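Asks: In my numbering, the protein residues as written are 14 to 134.
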Ligand SMILES: [Fe+2]
């Protein structure tokens, strides 16, 4: 049986266009205090943004330390095509340390992933 994880593109598999969702977030936060998370696709080299070739969506999940049902869905953004750039910022709060996962879908090059760890002090 095929598994979805087998077709995810990891950050190290990068092509001529930049697909990896770059996650900008603090590495440590205070419990329960809001902080901003920005996810951008094509931060260094812009990805095409046309009807024919674009980033369609960005999804964010969190794997939270000590939580039994991981991961949890944090946010989904529909950003394509043509008018919405693949860059989103949203406020988030954590009570426990977590790994934040970002997925993005290019209509030609598939689903790409990245992650960062955030420590709750
Ligand atoms: Fe692409």
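C-beta: ideal position from N, C-alpha, C; glycine also.
Please read all numbers here as calculations on a predicted model, not as lab measurements.
How close, in whole Å, do the beta carbons of residue 19 and residue 104 come, if the pair is a contact with beta carbons under 8 angstroms?
Replies: Actually they do not touch by this definition, with Cβ atoms about 33 angstroms apart.
Asks: Would residue 113 be called buried (16 or more neighbouring beta carbons within 10 Å of its own) or exposed?
Replies: buried
Asks: Compute the distance between the beta-carbons of residue 133 and residue 42, then report whether it is under 8 angstroms.
Replies: yes
Asks: With a threshold of 6 angstroms on Cβ separation, who are the neighbours of residue 117 within its own chain once the five nearest residues in sequence on each side are excluded?
Replies: 34, 54, 68, 71, 125
Asks: Would you kindly report the start and end of the unbroken beta strand (DSSP E) that includes residue 69?
Replies: 68-77
Asks: Under a Cβ-count criterion, where at least 16 other Cβ atoms within 10 Å of its own Cβ denotes burial, should residue 60 be classed as buried or exposed?
Replies: With 16 or more other Cβ atoms within 10 Å, it is buried.
Asks: Whose CB is closer than 6 angstroms to a heavy atom of ligand 1? List the residues in chain order.
Replies: The filter returns 30, 32, 60, 66, 119, 121, 122, in chain order.
Asks: Could you compute how far the alpha carbon of residue 31 sits from the alpha carbon of residue 56?
Replies: 8 angstroms
Asks: What is the residue span of the beta strand (DSSP E) that residue 36 lies within?
Replies: 34-37
Asks: For residue 120 versus residue 66, is the C-beta spacing smaller than 8 angstroms?
Replies: yes
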